[in-house]
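To convert, take the position in the sequence shown, counting from 1, and add 54; that gives the numbering used here. Input: a single structure, listed below in structure tokens.
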Amino acid sequence: MGSAIHRQKTVRLVQTVLLMGGMVILAARAAALVVGPFFGWLLVLVAPVVTVYSLAGQRLLLPPGTRQLQAAEAPEVHRILRDLVFRAGLDFVPPIFVLPSGTAEAMTTGIGGGARILVSRGLLRRLSPREIAGVLAHEISHIRNRDLPLFAMAGAMQRITRVIGLFLTILVLLFFPLLLAGVPVIPLQALLYMAVVPLVTVFVQFALLRTREFQADLGAVELTGDPAGLASALAKLESVRRPLWNFMIVTGGRRSVLGELLRTHPGTEERIRRLGELQSFD
């Protein structure tokens, strides 16, 4: 199973580099239309760094009623957490905070040593220790892989293209009479970028998020050695949670291409299938 995980992690790493590189190029080309190539690339290189540093210095705002899970009230969960952190080679133990929600959900917030793992009360109530280990391993993999800074940088790229697109849209509205008269006020390339690039960047950003989720699944299995435990947790989470976004995009029980492109997470069935393939290598 170890060799299969290594191969798939390598594939995900290559996909990550290509997707992130694509976002950088799209954002740089869009910015170059407004401020020129040099300042366009400068903006694209500086903005993500500033974003990450600003997030690292921010105080996390947690939902009302959220509280830190103490070791005395959940010793088994904390034992699992410490064991996974040791296996992951992290130099700190991220605290667990409990969301006052009956739904089953888990997420990671914060960057670097400020990372926090958030789990809902419903998740702790519904999942077995084995399944909780799979979920925590997935979140710890996000921290070990530095996915949150990566997501912040991707968000900066997406915002650059969105702002450029908005700026070009305003120019089109201002000079619309001249454009109707055939006066080439705005280059055709700029108009094409305005129409296409912001949307394409969103699709690429979401593809990046899905790729990192698959990578975190692989990292979780690497830490626990138990793909079936994570698969069981995912199946339970799916049974009690129906994402509103999927409900709005996918109707009639059929998958929509647009719905798939707008997913920030891979489909649960696909994640479980891939975990099952890893189990077969064991």
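Even for Gly, the Cβ is constructed at its ideal location relative to N, Cα and C. Since this is a predicted model, take the numbers as computed values, not measurements.
Exercise. So is F215 buried or exposed if we call it buried at 16+ other beta carbons inside 10 Å?
Worked result: A quick correction: the sequence has Thr, not Phe, at residue 215. Buried is the call here.
For this session: Output the boundary residues of the alpha helix (DSSP H) element that contains I218.
Result: 201-228
Exercise. Which residues in the same chain as A206 place their Cβ atom closer than 6 Å to its Cβ, once the five residues preceding and following it in sequence are excluded?
Worked result: T105, V106, L109
Exercise. Thinking C-beta only, is V152 closer than 8 Å to V139?
Worked result: no
For this session: Return helix, strand or coil for T64, following the three-state DSSP convention.
Result: helix
Exercise. From T322 to I79, what distance separates their C-alpha atoms?
Worked result: 31 Å
Exercise. For the region 89-101 against the region 268-275, are there 3 or more C-beta pairs whose distance is under 8 Å?
Worked result: no
For this session: Measure how close the beta-carbons of T255 and Q212 come, nearest whole angstrom, since I'm counting them as under 8 Å.
Result: 5 Å
Problem set entry | Within 8 Å, strictly: CB atoms of A285 and L329 | yes
Exercise. By a C-beta neighbour count over all protein chains shown, 10 Å radius and 16 as the cutoff for buried, is R66 buried or exposed?
Worked result: buried
Problem set entry | C-alpha distance - G166 paired with I197, whole-angstrom precision | 7 Å
Exercise. Can you list, in chain order, the residues of its chain whose CB lies under 7 Å from that of G386, leaving out five sequence neighbours each side?
Worked result: A question about residue 386 goes unanswered here, because the residues of the chain that appear run from 55 up to 336.
Exercise. From the DSSP output, which residues share a beta bridge with S174?
Worked result: L153
For this session: Look up T265 in the DSSP assignment and say whether it is helix, strand or coil.
Result: helix
Exercise. CB L135 to CB L190, shorter than 8 Å?
Worked result: yes
Problem set entry | Beta-carbon contacts of E314 that lie in its chain and below 6 Å, excluding the five residues immediately before and after | none
Problem set entry | Other residues of its chain near H132: CB distance less than 6 Å, five sequence neighbours each side excluded | A125
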